[in-house]
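Visitor: Sharing a structure here in C-alpha cells format.
2 protein chains.
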Amino acid sequence: MVAVAGGRKKISESTIRRLSLYYRVLSVLEKENYQTVSSRELAKREKLTPAQVRKDLSFFGSFGTRGLGYPVSELKKQIGEILGLNRVWNVALIGVGNIGSALVGYKEFLRQGFRIKVIFDNDQRKIGSNHKGIKVSDIQNLEQDLRENNIEIVVIAVPATVAQYIVDDVVKAGIKAILNFAPLNLKVPPDVFLRNENMSMELEYLSFALKNLQDGKGTIK
Amino acid sequence: MVAVAGGRKKISESTIRRLSLYYRVLSVLEKENYQTVSSRELAKREKLTPAQVRKDLSFFGSFGTRGLGYPVSELKKQIGEILGLNRVWNVALIGVGNIGSALVGYKEFLRQGFRIKVIFDNDQRKIGSNHKGIKVSDIQNLEQDLRENNIEIVVIAVPATVAQYIVDDVVKAGIKAILNFAPLNLKVPPDVFLRNENMSMELEYLSFALKNLQDGKGTIK
DNA sequence: TAACATTTGTGAAGGATTTCACAATCGTGT
DNA sequence: ACACGATTGTGAAATCCTTCACAAATGTTA
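Residue numbers (my numbering), protein chains in the order written: chain S, 671 to 891; chain X, 671 to 891.
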C-alpha cells in the first residue's frame, strides 16, 4: 500500500499490480491497431471484472469516454506515466549465477525501461568479463559503483546465505528499491521498497491445489 | 481461493501463500535448533502479525501449545503435508532459453520436492542434448512424453508468442497445474490451476513507488 | 435535433481479510 | 497443589477490497 504524499489517495497494492496488467494488454491492443477499448474487453483479457478496471483507473483520473471506452494509445501512455515507465531506470544486478544470467538476457526488462547498467559478482573468474555487453564488477566496490552509475533499483540474485549482508551495503549506498530473488525475508529500513520474487511459493501453491484436488476426490473451485 | 471439497473450508490464496513463508522460516528455525516458536517470533521473521499467523494455522487445525508456542519440526511437517511437500512432484519444463536454463539449475526447486523430469524445446540444436543431466526432448512429442513421464506440473518458459499454443497442448495432455513465466495471460479451462510469475510486474511496482517518492517530494508508507 | 444504444465514473453495498481482544490452557516455580 | 506468566485459538470488530447499480455522458442514426 503506497500512500501518495499530501494525503490525497490510498492506492492498494493490488491496484498497482493490475495497472501492470492493463499496460501489458494495452501494448497488445495497440499492436492490433485497436483505437479504443472498453472496460469489458480490457477485463476479459486479464480475467478481471469491468467494474474492477474502471475503479482502478478512476483512482488516477478519468481516461475514458462514456459510450465509447478508453483510447488505447493514450491510456497506455497515461498508465506508463503513472507507473513511471516513461523513462529509463538504472538497474544493478547483483549475482550472475543461474538466475542472474537469465535476467541479463531477459529482453522484457529493457523494453519496459529497466536497463541493467552494472552487474556485480564476487567470483574472480567472472569479474571483468562481459555479460551481454555489460561489464561484471567486483562486489568489493559495490557502494561506490552504485553511486557512480546512478543506480536506482537493485536486483538481488545471490544465494540466501549472503543476501542480507549485501542488502545492508546496498541500503548504505542509498538505494531505495530492491527486487529480491533470494528465498528469504530481507530486512530493510522502512523507507526502502522491497519486492520479493519467490518462485517456490507459486509452485507450492500449485502443489497445494493439486493435493486438495486428489484428497478431496472431487470438486475444487 | 480454493474451496476444499465437502464444503468444509474456504482457504484464501493469501493464507496459502503465507503457509509457504511459514514453511521457509520453520526450515531455518529447525536448522537453528529451535524446539518451539511463538506466533510472535514467526510473525516477526516474515513481517506479519502474530494474529495473522495464528489465524492462518487455525484453518487447518491447532498445532500449538498455549503458553509455549508451536513445535518447530512438527509444525514444519504439518505445513509440508498441507502444501503437499511431503512427496516428489514430477515437473516438466518447456523452453530452455534464458529463463528455462536458470530454472533447471535452481536447486531450491528440487529441495522442495519439485523434480524437473523432462525438458522440452523446439530448437533442433538443443533437442537430445543434456541439461544438468536432464534430456531435452522434442516438443513434437509433448503430449505423449508428458503422459509417459507422469508429469503433474508444467512450467512454461517459452516466448509469449507461442505460449498459448503450447498451453493448449499441455491441457490436452491432461495437465492440471501450470506455472507460467511468459508475460501474457494464458487461457486455460476452469479445472486447470494456473500461476503466473511476472517479473516485470514487481519491477513496475518499484518504479511506481520510486516515482511517487520523487513526485510527492515527501513521505510514503 | 431527438431518441437510442453504449459505456464510463462512482457512491453505496457487499464480501473478504486482517486485527483485536480475551477466555482457555499450558508449563514452571514454589 | 496452586498461582503466575506466557501464548494459543477464535468469535467479533474493524478494515480493506470488490462488485453492484445507476446517473451522466457520449457517439450514432434517422
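Cβ atoms here follow ideal geometry from the backbone N, Cα and C, with glycine treated the same way.
Taking only the alpha-carbon atoms, compute the straight-line gap between S/ALA764 and S/PHE790 and give it to the nearest angstrom.
Guide: One point to set straight first is that residue 764 of chain S is Ile, not Ala, in the sequence displayed. Those two C-alpha atoms are separated by around 5 Å.
Visitor: Is S/PHE878 helix, strand or coil by DSSP?
Guide: Reduced to three states, the DSSP call for S/PHE878 is helix.
Visitor: Please report how far the alpha carbon of X/GLY677 lies from the alpha carbon of X/PHE730, in whole angstroms.
Guide: Confidence at X/GLY677 is low in this model, with a pLDDT of 42, below 50, so its placement is unreliable and the value that follows should be read with caution. Roughly 14 Å separates the two Cα atoms.
Visitor: How many whole angstroms separate the CB atoms of S/ARG724 and S/SER743, which I take to be in contact at a CB cut-off of 8 Å?
Guide: Their Cβ separation, rounded to whole angstroms, is 19 Å, which puts S/ARG724 and S/SER743 out of contact at 8 Å.
Visitor: Bridge partners for X/VAL894 per DSSP, in chain order?
Guide: No statement about residue 894 of chain X is possible, as the shown extent of chain X runs from 671 to 891 and does not include it.
Visitor: Is it a yes or a no for the region 715 to 723 of chain X touching the region 776 to 786 of chain X, going by three-plus beta-carbon pairs under 8 Å?
Guide: Segments in contact, no.
Visitor: List, from N- to C-terminal side, the beta strand (DSSP E) runs of 3 residues or more that fit wholly inside the region 698 to 777 of chain X.
Guide: Here the runs fully enclosed are 759 to 764.
Visitor: Taking only the alpha-carbon atoms, compute the straight-line gap between X/LYS747 and X/GLY737 and give it to the nearest angstrom.
Guide: Using only the alpha carbons, I get a separation of about 21 Å.
Visitor: Would you decide whether S/SER877 is buried or exposed? Buried here means 16 or more other CB atoms lie within 10 Å of its CB.
Guide: By the 10 Å Cβ count, S/SER877 comes out buried.
Visitor: In the DSSP output, what is X/LEU864 paired with across the bridge?
Guide: Answer by DSSP bridge pairing, in chain order: X/ILE848.
Visitor: Between the region 833 to 854 of chain S and chain X, which residues of the former have a C-beta closer than 7 Å to a C-beta of the latter?
Guide: Residues passing the 7 Å Cβ filter: LYS846, ALA847, LEU849, PRO853.
Visitor: With which residues is X/SER807 paired in a DSSP beta bridge?
Guide: Answer is X/PHE790.
Visitor: Kindly indicate which residue of S/TYR692, S/PHE784, S/ASN866, S/SER870 has the alpha-carbon position closest to the one of S/ASN756.
Guide: Taking only the C-alpha atoms, the option nearest S/ASN756 is S/PHE784.
Visitor: Is the Cβ of S/GLY677 closer than 7 Å to any Cβ of chain X?
Guide: Only weak support is given to the placement of S/GLY677: the predicted model assigns it a pLDDT of 43, under 50, and the value that follows is read from those uncertain coordinates. Output row for S/GLY677: interface = no.
Visitor: Can you tell me where the alpha helix (DSSP H) holding S/VAL858 begins and where it ends?
Guide: S/VAL858 -> no alpha helix (DSSP H), and no H or E assigned at all.
Visitor: Which of helix, strand or coil does DSSP assign to S/ILE681?
Guide: Residue state, collapsed to three classes: strand.
Visitor: So for S/ARG688, helix, strand or coil by DSSP?
Guide: Helix, per DSSP.
Visitor: Using the C-alpha atoms, what's the distance from S/ALA772 back to X/ASN768?
Guide: So the alpha carbons of these two residues sit roughly 5 Å apart.
Visitor: Identify the contact partners of S/ASN768 in chain X, using a Cβ-Cβ distance below 9 Å as the criterion.
Guide: SER771, ALA772, LEU773, VAL774, GLY775, TYR776, LYS777, listed in chain order.
Visitor: Compare the C-beta of X/ARG687 against all C-beta atoms of chain S and say whether one is closer than 7 Å.
Guide: So, interface residue.
Visitor: Using CA atoms only, rank isn't needed, just tell me which of S/THR831, S/PRO853, S/ASP838, S/ALA847 is closest to S/ASN820.
Guide: Here the closest residue by C-alpha is S/ALA847.
Visitor: What residues from chain S crowd round X/ILE764, counting only those whose CB sits closer than 9 Å?
Guide: Those within 9 Å of X/ILE764 in chain S number zero; the least Cβ separation is about 15 Å.
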